[in-house]
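Numbered according to numbering that gives the first Met the number 0, the sequence shown spans residues 0 to 212.
For every residue, glycine included, the Cβ atom is placed at its ideal position computed from N, Cα and C.
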Amino acid sequence: MKLLRNSVLFVIFTFYSSLFSQETDNSIKQDSLKVKRFSIGVRIGIPTVVGGSAEIVLPLFNNHFAPFVNYSSFSLSFKEVETNLSFIGFGTKYYFGENGSGFFISVGRNTLKTDIIFGDLLFVDNTSLQSFIGSGGTLLKINTSDIKIGIKTAGAFYFLFELGYGIGKIPDELKFTATSNGISDSFIEEVPPIPGLGSNGVLFGNVGFGLSF
Numbered sequence: 000m001k002l003l004r005n006s007v008l009f010v011i012f013t014f015y016s017s018l019f020s021q022e023t024d025n026s027i028k029q030d031s032l033k034v035k036r037f038s039i040g041v042r043i044g045i046p047t048v049v050g051g052s053a054e055i056v057l058p059l060f061n062n063h064f065a066p067f068v069n070y071s072s073f074s075l076s077f078k079e080v081e082t083n084l085s086f087i088g089f090g091t092k093y094y095f096g097e098n099g100s101g102f103f104i105s106v107g108r109n110t111l112k113t114d115i116i117f118g119d120l121l122f123v124d125n126t127s128l129q130s131f132i133g134s135g136g137t138l139l140k141i142n143t144s145d146i147k148i149g150i151k152t153a154g155a156f157y158f159l160f161e162l163g164y165g166i167g168k169i170p171d172e173l174k175f176t177a178t179s180n181g182i183s184d185s186f187i188e189e190v191p192p193i194p195g196l197g198s199n200g201v202l203f204g205n206v207g208f209g210l211s212f
């Protein structure tokens, strides 16, 4: 009798466990199929290093299009060179699926502003012909048009990976005038090694994660 009771309890427990598991799986699948209109998150990679992002899936054209904006601000140092960078990008993604996730292609515009300070500039006083080492800087502004491909997972918590390239005019050197100790001088310096910045454009490679709702 005890064995029969335990067997019945085991069958009932197994049945309800299986039913609960199926309902949970169905709930997860249904949740992943729902369109999450808004997404906010964090991006890590090049050239932004670490930044934020936001996008909205438009309720038009079967949820294929999603305008986005990315922003980042950070500082980097290279020996005697300090850079303070700010990055903003915007554009539109096209999701191949109809639920605002999965594979996508995007096009956009980006602006990278960099305050560059050189700490080892050689200033020459043309009056006294004396020289000294001082610091000075200039602003580098780069505008690019980019195309990227990537994938974004569905659900309330998403992961994202994207890769692309931005085309723009990238200078090989910087020409500027700096002042130190009351002495002004003209300089020509190479552009410091900014992550992802090449001679013809900017490489984009990012991973991201965040919330969709």
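Item	Value
Do R42 and N205 come within 8 Å of each other at the CB atom, strictly closer than that value?	yes
Given a cut-off of 8 Å, decide if P192 and I115 are closer than it, judged by their beta-carbon atoms.	no
Which residue from T110, G135, G195 and K112 puts its Cα closest to that of F122?	G135
Can you give me the C-alpha to C-alpha distance between R36 and Y164, rounded to a whole angstrom?	26 Å
Can you tell me whether G204 is helix, strand or coil according to DSSP?	strand
Could you have a look at F160 and say whether DSSP puts it in helix, strand or coil?	strand
If you follow the beta strand (DSSP E) that F183 is in, where does it begin and where does it stop?	According to the sequence as given, residue 183 is Ser; it is not Phe. Note, S183: beta strand (DSSP E), I182 to E189.
If the criterion is Cβ atoms closer than 8 Å, does the pair Y70 and I87 meet it?	yes
Which residues share a DSSP beta bridge with T89?	Contrary to the premise, residue 89 reads as Phe rather than Thr in this sequence. Answer by DSSP bridge pairing, in chain order: V68 and R108.
Excluding five sequence neighbours on each side, which residues of the same chain lie with their C-beta closer than 8 Å to the C-beta of N199?	I166 and I169
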